[in-house]
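Here the structure comes first, spelled out in structure tokens, and everything after it is commentary.
Residue numbers (UniProt numbering): 1 to 138.
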């Protein structure tokens, strides 16, 4: 099968202890999103995330602030693919503010387990793996 279009997004996971920084979307039902967005032509995932973090939350990032976590590729309809590149920022002291009120209701710290039912499937999977890396039986 030949892929017609392959889009890419970068996502930033910012956490403070067991809380996650999320954007609450303007939807009828509660829905959260992670900071990030589509890569523009010629951008690396890191560069896109630095731009998106500032555009959405006024967070000043540099590449040293982010640690690569993983990438997930999803096959969509019409022979399209979407890759999401996830990065972690554990520096929760960086100031932030809602910069796109037309897209999001608010930006807030939420206990990570309370976000799971309201994140996209791939975001949920990555957040779970970050907070519950493995289960050991003793």
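Ideal Cβ positions, reconstructed from N, Cα and C, are used throughout, including at glycine.
Q. Which value, in whole angstroms, describes the spacing of the CA atoms of residue 68 and residue 29?
A. 31 Å
**Q.** Identity of the residue in 77, 54, 75 and 108 nearest residue 25 by Cα
**A.** 108
Q: Between the Cα of residue 38 and those of 31, 14, 130 and 10, spot the shortest distance and give me the residue it belongs to.
A: Ranked by Cα distance from residue 38, the options 31, 14, 130 and 10 are led by 10.
Q) Terminal residues of the continuous alpha helix (DSSP H) containing residue 131? A) Unbroken alpha helix (DSSP H) run through residue 131: 121–131.
Q.
So, with DSSP's three-state summary, where would you put residue 47?
A. In the structure shown, residue 47 sits in a helix (DSSP, three-state: H, G or I).
Q) Among the residues of its own chain, which have a CB less than 6 Å from the CB of residue 6, if the five just before and after it don't count? A) 81
(Q) Is it buried or exposed, residue 76, if we count other Cβ atoms within 10 angstroms and call 16 or more buried? (A) Sixteen is the threshold: since fewer than 16 other Cβ atoms of the shown chains lie within 10 Å of the Cβ of residue 76, the residue is exposed.
Q. Ends of the beta strand (DSSP E) at residue 25?
A. 19–25
Q. In whole angstroms, what is the alpha-carbon distance linking residue 119 and residue 61?
A. 23 Å
Q) I think residue 92 touches residue 14, with their Cβ atoms under 8 Å apart; what is that distance to the nearest whole Å? A) 6 Å
Q. To which residues of the same chain is residue 34 closer than 7 Å at the C-beta, ignoring the five residues directly before and after it?
A. 11, 12, 13, 22 and 123
Q. Between residue 84 and the rest of its own chain, which residues show a CB-CB distance below 6 Å, the 5 nearest in sequence each way excluded?
A. 9, 11, 72 and 122.
Q | Delimiting residues of the alpha helix (DSSP H) encompassing residue 115 | A | 112–115
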